[in-house]
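So the sequence lines, in the order shown, correspond to chains X and V.
Sequential numbering from 9 applies to the first sequence in our numbering.
Sequential numbering from 46 applies to the second sequence in our numbering.
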Amino acid sequence: MASYRISGLSVRSEIALHGLMACDGPENAAPDVTIVRGEVPDAFDDAQVLGPNWALAQDRFRIGIPGVVSMLLTGGRELRFCPAPGVSDEEAAIFVASTGFGILLHQRGHPLLHASAARVGDAAVLFCGPSGAGKSTLAAALGERGHALVADDFCAISLREGRPWIAPDARKHKLWRQAIDAMALGGRSGAPVRNRIEKYFVDPREIVETPLPVAAIYALREQRPPHSPGITAPNIVDAALIVRTNAYRPRLVRAFGQQPLYFKAAAALAQRAGVYYLTRPLSFADMDKTADRLADHWASLGLLDRAA
Amino acid sequence: MISRHGDWLSARVGDEIMMMSAAHGVYLGLNEVGARIWDLIETPQPREALYAALQGEFEVDAETCRSEVDDFLEELLRRGAAVSDPG
């Protein structure tokens, strides 16, 4: 059994979860979540909502990643997985720790954003966008500028007295070879994420282990007409849509009937933080310019004054 | 009489209001004037009362006020966020 802390939850797992930060688990206390290997049903007799590769029935959720692993998530407390024939635990663990755990967080009723996050001053700033938008790469580049990693792939938001907070989910960056080379991170890069893809685990320079208030959320956009580079504020409807469409799994928000939850999170983010578009070129050569632009924005928001 | 209709969640953001239909998941944004009208129709109001209230609060002539309030109410009715009751 290995113990981890994932998005603020204590987790005990039968298999090692590569890329996650192990921690000394509470020996006696029951963990928030347990990850076990076991039988996963092919279907539910009492399914309420069906997706292409998933099904929802009461407090049970089943997802199958064809040829890799199927998972059964129960009550947000147990994640049971069953690797496909010939698939190693190691390979299955990649999906358990990302897709599986992300859906489990959805199941627990946390507003969950597909975003990376970095510490700025005493707060966190989030970068959201679909896979390939550059979330991880930007967080890694900011790490090189002294902004500790808060989250790499998903951000669980909670509201405390109306203010949005993020539970830290620092894990190893999953970066494309190209990004590692461009940022000269080769010395800290480790094993490939999966055997057949050119994405590698890279140790973050510094990580955050305590919850932080959210100061800003940026939706990443590629610079191409009509979008010119810069940071702009969307209107409030677009701000709300940014939050909902950047849920970790937007279709599950509807399946779980959680639209009001995401509306409240969007309202809190708009009221107490700020929702912005960050439009920039995708090339690595322009990364410094983007980081400078962000630093200017944080200065104008007063975030840097509070730096410890 | 104009009154709110449907199951809308709303949140004030600065001078504006962000709204979501709980039933349909549709989002709506109201600017400062729209937000004020939304506040006013929490209790059903005759149109005349809305014109009078807004003319007192915003710098606008009577004719513009009537036509803009009517346009806005038309939009709220069309989106099912308000009902117009002839009573």
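For each residue, glycine too, the CB sits at the ideal point set by N, CA and C.
All figures in this text were calculated on a predicted structure; none of them were measured in a lab.
Compare the C-alpha of residue i against each of the options and name the closest.
i        : options                                : result
X:Tyr285 : X:Tyr270, X:Asp296, X:Ala275, X:Leu302 : X:Leu302
X:Ala241 : X:Asn254, X:Thr287, X:Pro234           : X:Thr287
X:Val251 : X:Gly108, X:Phe271, X:Ala100           : X:Phe271
X:Ile174 : X:Val57, X:Arg259, X:Glu217, X:Leu312  : X:Glu217
X:Ala190 : X:Phe292, X:Val44, X:Ala10, X:Leu87    : X:Phe292
X:Ala278 : X:Ala63, X:Pro172, X:Ala159            : X:Pro172
X:Pro60  : X:Asp313, X:Gly310, X:Ala263, X:Val283 : X:Ala263
V:Arg111 : V:Val128, V:Arg123, V:Ala56, V:Val78   : V:Val78
X:Leu193 : X:Arg213, X:Asp177, X:Gly170           : X:Arg213
X:Leu87  : X:His114, X:Thr253, X:Arg45            : X:Arg45
V:Ile82  : V:Gln100, V:Arg123, V:Leu95            : V:Leu95
X:Thr145 : X:Val210, X:Asp54, X:Pro233, X:Glu22   : X:Val210
X:Gly84  : X:Asp97, X:Leu113, X:Val104            : X:Leu113
X:Glu169 : X:Val41, X:Ala275, X:Leu311, X:Gly195  : X:Ala275
X:Pro138 : X:Pro39, X:Ala227, X:Gly195            : X:Ala227
X:Pro176 : X:Ala123, X:Thr253, X:Val77            : X:Ala123
X:Leu249 : X:Pro221, X:Ala147, X:Asp32, X:Cys136  : X:Cys136
X:Ala37  : X:Ser11, X:Glu22, X:Ala30, X:Trp62     : X:Ser11
X:Ala255 : X:Gly110, X:Gly238, X:Val245, X:Pro289 : X:Gly110
X:Asp40  : X:Val19, X:Lys143, X:Asp53, X:Ile239   : X:Val19
X:Arg229 : X:Leu290, X:Ile14, X:Met295, X:Thr42   : X:Leu290
X:Val57  : X:Val261, X:Val283, X:Ile188, X:Asp296 : X:Val261
Out of curiosity, what's the CA-to-CA distance linking residue i and residue j?
i        : j        : result
X:Lys207 : X:Trp184 : 4 Å
X:Asn243 : V:Pro89  : 29 Å
X:Ala315 : X:Ala223 : Interpretation of X:Ala315 is limited by its pLDDT of 48, a score under 50 that renders its predicted location unreliable; the figure taken from the coordinates is listed afterwards. X:Ala315 and X:Ala223: Cα-Cα distance of roughly 13 Å.
X:Ala126 : V:Asp130 : 52 Å
V:Gly51  : X:Arg179 : 44 Å
V:Arg49  : X:Arg259 : 29 Å
X:Leu80  : X:Gly72  : 9 Å
X:Ser308 : V:Val114 : 37 Å
X:Ser106 : V:Glu102 : 53 Å
X:Asp161 : X:Leu28  : 12 Å
X:Ala24  : X:Gly198 : 16 Å
X:Gly108 : X:Val201 : 16 Å
V:Arg57  : V:Ala80  : 8 Å
X:Glu99  : X:Ala141 : 24 Å
X:Asp313 : X:Trp306 : 9 Å
X:Leu319 : X:Ile225 : Nothing can be reported for residue 319 of chain X: it is not among the residues displayed for chain X, which extend from 9 to 316.
X:Ala281 : X:Ala299 : 20 Å
V:Val105 : V:Leu99  : 8 Å
X:Val76  : X:Asp97  : 10 Å
X:Ala30  : X:Ala55  : 35 Å
X:Pro234 : V:Leu85  : 39 Å
X:Ala148 : X:Leu17  : 24 Å
X:Leu269 : X:Met9   : 34 Å
Between which two residues does the alpha helix (DSSP H) holding residue i run?
i        : result
V:Cys11  : In the structure as shown, chain V starts at 46 and stops at 132, and residue 11 of chain V therefore has no counterpart that could be examined.
X:Thr298 : 295 to 309
X:His114 : 109 to 115
X:Glu217 : Note, X:Glu217: premise wrong, no alpha helix (DSSP H); not H, not E.
X:Tyr270 : 267 to 280
X:Thr253 : 244 to 253
X:Lys143 : 143 to 152
X:Pro172 : Careful: X:Pro172 lies outside any alpha helix (DSSP H), inside the beta strand (DSSP E) at 171 to 175.
X:Tyr320 : In this structure chain X extends from 9 to 316, so residue 320 of chain X is not present and cannot be described.
V:Val78  : 77 to 85
X:Leu183 : Premise fails: X:Leu183 lies in the beta strand (DSSP E), 181 to 184, not in any alpha helix (DSSP H).
Could you pull the start and end residues of the beta strand (DSSP E) that residue i belongs to?
i        : result
X:Thr42  : 41 to 45
X:Glu22  : X:Glu22 -> no beta strand (DSSP E), and no H or E assigned at all.
X:Tyr12  : 10 to 14
X:Ala103 : At residue 103 of chain X the sequence reads Phe, which differs from the Ala that was named. Premise fails: X:Phe103 lies in the alpha helix (DSSP H), 97 to 103, not in any beta strand (DSSP E).
V:Glu61  : 61 to 66
X:Gly72  : 68 to 73
X:Arg288 : 283 to 288
X:Leu80  : 77 to 82
V:Ala97  : Note, V:Ala97: premise wrong, no beta strand (DSSP E); alpha helix (DSSP H) at 92 to 102.
Q.
Quick test of the definition: if touching needs 3 or more C-beta pairs under 8 Å, does the stretch 149 to 169 of chain X touch the stretch 50 to 65 of chain V?
A. Verdict: no, contact absent.
(Q) Output needed in chain order: residues of the stretch 232 to 260 of chain X with a Cβ under 7 Å from some Cβ in chain V. (A) Correct list: Asn243, Ile244, Val245, Ala248, Leu249.
Q) Does the pairing of the stretch 160 to 175 of chain X with the stretch 115 to 127 of chain X give three or more beta-carbon distances under 8 Å? A) Under the three-pair Cβ rule at 8 Å, the stretch 160 to 175 of chain X counts as touching the stretch 115 to 127 of chain X.
Q. If contact means a Cβ-Cβ distance below 7 Å, which residues of the stretch 49 to 65 of chain V contact chain X?
A. Leu54, Ala56, Val58, Glu61, Met63, Met65
Q.
Does the structure place the stretch 49 to 56 of chain X close enough to the stretch 64 to 72 of chain X that three or more beta carbon pairs sit under 8 Å?
A. yes
Q) Listed in chain order, which residues of the stretch 77 to 111 of chain V have Cβ atoms closer than 8 Å to some Cβ of chain X? A) Answer set for the stretch 77 to 111 of chain V: empty.
Q) Relative to chain V, which residues along the stretch 151 to 168 of chain X have a C-beta separation below 8 Å, given in chain order? A) none
Q.
Three Cβ pairs or more, each shorter than 8 Å: is that satisfied between the stretch 130 to 139 of chain X and the stretch 89 to 107 of chain X?
A. no
Q. Which residues, in order along the stretch 272 to 291 of chain X, keep a beta-carbon less than 9 Å from a beta-carbon of chain V?
A. Lys272, Ala274, Ala275, Ala276, Ala278, Gln279
Q: Residues of the stretch 114 to 126 of chain X with a CB closer than 7 Å to any CB of chain V: list them in chain order, please.
A: none
**Q.** Where the stretch 65 to 81 of chain X meets chain V: residues whose CB sits under 7 Å from a CB there
**A.** So nothing in the stretch comes that close.
Q: Below 9 Å between beta carbons is the criterion; list the residues of the stretch 183 to 207 of chain X that meet it against any residue of chain V, in chain order.
A: none
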